[in-house]
Amino acid sequence: MKKSGIAAALLGMAMLAGSSMASAQVKQVYWTTSGKFGPFPITGLIPSLPKEKMRDVTIPVSMWVIDHPKGLVVFDTGNNVAISDGADNCKKYWAAGNCDFLKPSQTRDDVIDRQLQKLGYSTDKVKVVVTSHTHLDHGGNIEMFPNAIHVLQKKELYQGWWPEKFQGRAPNGSFVVADLDNARDFNYLELDGDYDLFGDGSIMVLTTPGHTLGHQSLKLKMASGRTIIIAQDAIWMQENLDGAPAGLNYSVLDYFKSLNRLKFMRDLEGAEILMPHDQDQYAKMGARWHK
Ligand SMILES: [Zn+2]
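Going letter by letter, the sequence shown gives residues 13 to 303 in our numbering.
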């Protein structure tokens with residue numbers, strides 16, 4: 013092979029390597045919601061807020077569709093389909109107190125299967141469902157994905173199937189055990205720590221316990237160069253990021269450790285933090301694809 017031929021071959025290999033590196037990133041992520049909760053006073057969620065910060069909020073119930081070359085990923089599946097279209101339906105499936113306080117606005121079209129349809133997918137095209145934690149507004153429709161790989165911390169599965177008494181058990185608490193009844197035989201990737209989902213560093217599962225025993229968040233490396241942290245309930249909203257702790261925690265100490273973990277990633281890596289129940293951030297960034 014002539015020198016120029018070798019150079020061309022090397023260049024070709026470099027380009028190949030470059031393109032495979034570029035493809036091993038998240039192409040895009042869509043931020044959608046399983047309807048909203050509210051309006052209610054923010055202090056119902058964050059009792060530590062000073063009076064002057066008091067306001068009524070209507071918060072998104074966030075779910076994420078992640079488009080990666082190795083497969084479609086859903087992060088959280090929202091409220092169970094059974095609570096759609098009004099308080100009467102809600103009270104047949106959730107405890108009445110949850111329906112009255114949270115005031116879910118979910119319609120049938122807001123549910124994850126229809127959200128996927130709107131984006132041109134179907135539930136059976138989803139390769140992986142990552143569930144941040146087993147609260148009723150995050151793991152409500154795991155049962156819609158019998159063929160997916162389900163990624164949870166093992167501790168969170170224990171907790172979802174039998175929460176501590178102080179957290180409230182069905183039907184009163186934030187865990188609805190019926191959400192998981194028919195999902196016991198699914199294919200679970202049961203984690204005990206962080207995990208690199210596709211082995212390329214582009215979708216990192218991060219353990220962020222505190223809100224619940226085995227809560228987890230995601231960090232995405234986008235093909236565009238952006239780094240996005242989807243906090244889910246490690247950081248509900250801006251007020252929490254600003255230092256007021258959430259009013260619902262398995263462990264307040266772990267909650268702060270996890271919040272700080274994500275803040276340092278923001279500050280050291282230049283990551284953007286997206287918060288699942290922040291109405292203002294959703295108004296700016298929700299209901300669309302991010303590259
Ligand atoms: Zn939660």
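All residues carry an ideal CB built from backbone N, CA and C; glycine is no exception.
- Note that the C-beta distance between residue 50 and residue 114 is below 9 Å.
- 226 is the residue among 40, 226, 294, 280 whose C-alpha sits nearest the C-alpha of residue 267.
- Ranked by how close their Cα comes to the Cα of residue 37, the residues 84, 125, 256 have 84 in first place.
- Between residue 127 and the set 76, 271, 80, the nearest pair of CA atoms involves 76.
- Taking a contact to require three or more Cβ pairs closer than 8 Å, the segment 192 to 200 and the segment 230 to 248 do not qualify as touching.
- According to DSSP, residue 229 shares a beta bridge with 218.
- In this structure, residue 260 has its CB closer than 8 Å to one or more heavy atoms of ligand 1.
- The distance from the Cβ of residue 124 to that of residue 89 is about 5 Å, consistent with a contact at the 8 Å cut-off.
- In this structure, residue 120 sits near residue 93, with a CB-CB distance shorter than 9 Å.
- Between residue 48 and residue 73, the beta carbon gap of about 6 Å places them in contact (Cβ cut-off 8 Å).
- Considered as a whole, the segment 115 to 185 harbours 124 to 130, 166 to 173 as its complete alpha helix (DSSP H) runs of no fewer than 4 residues, in chain order.
- By the Cβ-count criterion, residue 110 is buried, with 16 or more other Cβ atoms from all chains shown falling within 10 Å of its own Cβ.
- Under DSSP, residue 40 shares a beta bridge with 79.
- For residue 203, the enclosing beta strand (DSSP E) has its first and last residue at 199 to 203.
- If you look at residue 281, you'll find it in the alpha helix (DSSP H) that goes 264 to 281.
- Secondary structure of residue 103 (DSSP, three-state): helix.
- Contact check for residue 270 against residue 222 passes: the beta carbons are separated by less than 9 Å.
- Under DSSP, the beta-bridge partners assigned to residue 301 are 42.
- Shown in chain order are the residues whose CB sits closer than 5 Å to a heavy atom of ligand 1: 147, 245.
- Distance from the CA of residue 249 to the CA of residue 289, rounded to the nearest whole angstrom, comes to 6 Å.
- One thing to note: residue 187 has its Cβ no nearer than 9 Å to the Cβ of residue 162.
- A Cβ-Cβ separation of about 6 Å places residue 57 in contact with residue 259 under the 8 Å criterion.
- According to the DSSP assignment, residue 286 belongs to the beta strand (DSSP E) that extends over 284 to 286.
- Around the C-beta of residue 165, 16 or more other C-beta atoms lie within 10 Å, and the residue is accordingly described as buried.
- With 16 or more other CB atoms across the displayed protein chains lying within 10 angstroms of its CB, residue 43 is buried.
- A straight-line Cα-Cα distance of about 7 Å links residue 151 and residue 191.
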